[in-house]
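Numbering (the UniProt record's numbering), first residue to last: 1 to 181. Note that the Cβ used here is the ideal one computed from N, Cα and C, for glycine as well. Since the structure is predicted, the reported quantities are computational estimates derived from the model, not experimental observations. Below is one structure; the comments refer to it alone.
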């Protein structure tokens, strides 16, 4: 996982947000701006992680006490969280978001808070991104040299949920390798 994505997930979860909802928020930031807090879109009208237009840029100034232009990813994530809790434009739709669970959280965030033009398509894309943020892909390669000197390689790939805490362990069953003996 990229450092900016990992940092964003950690910040949002550090605010007390569960993993599914944090992934939904970060998935939209990835989709909207590639996690670039200085991204400019829509012919200069949209700005930031979430590509806010003038109305939401004004709300950012009201909630955060500064202009969104030049603000950090951390400040923009804090704004999004605070405005969904109370006082910002997202407070109303935020209720539906917090009431959602799992994969639906990304769709609700996209539909109710981000409001892209193609809600159905974007909801699917963002749900997929959010789901991938909670997973860890593990690939193991095992090479065996037979008594005759030939090498055989087997690959095992497993997708597991990201551990909830440091030190969590998973047991993976590795299939036995036939060495031809």
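**Pairwise C-alpha distance: residue 12 and residue 179** = Taking the chain shown and counting its residues from 1, one reaches residue 179 at position 179. Taking the chain shown and counting its residues from 1, one reaches residue 12 at position 12. Any reading at residue 179 must be qualified, since the residue scores a pLDDT of 48, below 50, and its modelled position is unreliable; the value itself is stated next. Computed Cα separation, rounded: 48 angstroms.
**Element boundaries [alpha helix (DSSP H), containing residue 83]** = Along the chain shown, one-based indexing puts residue 83 at 83. Residue range 73–85 is occupied by the alpha helix (DSSP H) that includes residue 83.
**Request:** Give the DSSP-derived three-state secondary structure of residue 108 in the structure shown.
**Result:** On the chain shown, residue 108 is found 108 positions in, with the first residue counted as 1. Helix.
**Message:** Which of the three DSSP states is assigned to residue 181 in this structure?
**Reply:** Taking the first residue of the chain shown as position 1, residue 181 is located at position 181. Because residue 181 sits at a pLDDT of 47, beneath the cut-off of 50, its placement in the model cannot be relied upon, and the following sentence gives the value as read from the coordinates. The answer is coil: DSSP assigns residue 181 none of H, G, I, E or B.
**Message:** Our contact map puts residue 76 next to residue 48 with C-beta atoms below 8 angstroms; I'd like the distance itself, whole angstroms only.
**Reply:** By 1-based counting over the chain shown, the position of residue 76 is 76. By 1-based counting over the chain shown, the position of residue 48 is 48. That belief holds up - the Cβ atoms of residue 76 and residue 48 are roughly 5 angstroms apart, short of 8 angstroms.
**Request:** Less than 8 angstroms between the CB atoms is what I'm expecting for residue 31 and residue 129, so what's the real figure, rounded?
**Result:** As a working note, residue 31 is residue 31 in the chain shown. As a working note, residue 129 is residue 129 in the chain shown. With 8 angstroms as the limit, residue 31 and residue 129 qualify as a contact, their Cβ atoms being about 6 angstroms apart.
**Asked** For the candidate residues 64, 73, 42 and 150, whose alpha-carbon lies nearest to that of residue 6?
**Response** As a first step, residue 6 must be located in the chain shown, where it is residue number 6. Shortest Cα-Cα distance from residue 6 to any of 64, 73, 42 and 150 involves 73.
**Request:** Go ahead and pull the three-state DSSP assignment for residue 165.
**Result:** As a working note, residue 165 is residue 165 in the chain shown. Summary for residue 165: the model assigns pLDDT 49, below 50, so the residue's position carries little reliability, and this model does not support an answer.
**Asked** Helix, strand or coil for residue 125 per DSSP?
**Response** Within the chain shown, the letter at position 125 stands for residue 125. Three-state DSSP puts residue 125 in a helix.
**Request:** Would you mind reading off the limits of the alpha helix (DSSP H) that contains residue 28?
**Result:** In the chain shown, counting from the first residue as 1, residue 28 sits at position 28. Where residue 28 is concerned, the enclosing alpha helix (DSSP H) stretches over 19–33.
**Request:** Report yes if the C-beta distance between residue 133 and residue 26 is below 8 angstroms; otherwise report no.
**Result:** As a working mapping, residue 133 is identified with position 133 in the chain shown. As a working mapping, residue 26 is identified with position 26 in the chain shown. Result yes, Cβ atoms of residue 133 and residue 26 sit closer than 8 angstroms.
**Request:** Following the continuous alpha helix (DSSP H) through residue 9, name the residue where it begins and the one where it ends.
**Result:** Start at 1 with the first residue of the chain shown, and residue 9 comes out as number 9. Taken as a continuous stretch (DSSP letters only), the alpha helix (DSSP H) holding residue 9 covers 3–14.
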